[in-house]
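Asker:
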Amino acid sequence: MRLVKRKTHKMKNQKELKLISCEEALERMFEYIDGALAGKTHSEFEKHIETCRGCLGKVDFQLKLKKRLAGVRSTPVSKKLTGRLSNILKSQSL
Ligand SMILES: [Zn+2]
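Using the numbering used here, read the sequence shown as starting at 117 and increasing by one per residue.
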């Protein structure tokens, strides 16, 4: 039995992912945030932000912004309306 000590397995488990540039990453960023990226493009994007702090920061910022906007959207009732509603509720309970 012969032991073959070769360390040439680096490309195998990465499925030949292309290293994308910051420009390409930024083009995909909004799709990534919307969850529209899938498969290889998604993996390539994640691989890029794993190694690129600049783009990771931008993605992080956009994700936080999106969460904040989603929070605003989930509370569509304005203060004026809640005030009016509470008045109606008060008058009904009396
Ligand atoms: Zn980058």
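Virtual Cβ for every residue (Gly too), placed ideally from N, Cα, C.
Treat the numbers as computed from the prediction; the structure is a model and nothing was measured.
Helix, strand or coil for residue 127 per DSSP?
Answerer: Interpretation of residue 127 is limited by its pLDDT of 46, a score under 50 that renders its predicted location unreliable; the figure taken from the coordinates is listed afterwards. Residue 127: coil per DSSP, three-state reduction.
Asker: Nearest to residue 170 by alpha carbon, out of 203, 142, 199 and 135?
Answerer: Cα-wise, what sits closest to residue 170 is 142.
Asker: Assign residue 175 to buried or exposed, taking buried as 16 or more other Cβ atoms, counted over all protein chains shown, within 10 Å of its Cβ.
Answerer: Buried: at least 16 other Cβ atoms inside 10 Å.
Asker: Out of 149, 151, 144 and 173, which has the shortest C-alpha to C-alpha gap to residue 160?
Answerer: When each option's Cα is compared against that of residue 160, the closest is 144.
Asker: Nearest by alpha-carbon distance to residue 149: which of 194, 177 and 204 is it?
Answerer: Nearest option by C-alpha distance: 177.
Asker: Under a criterion of Cβ closer than 6 Å to any non-hydrogen atom of ligand 1, which residues qualify, in chain order?
Answerer: Going along the chain, the residues that qualify are 138, 141, 164, 168, 170 and 171.
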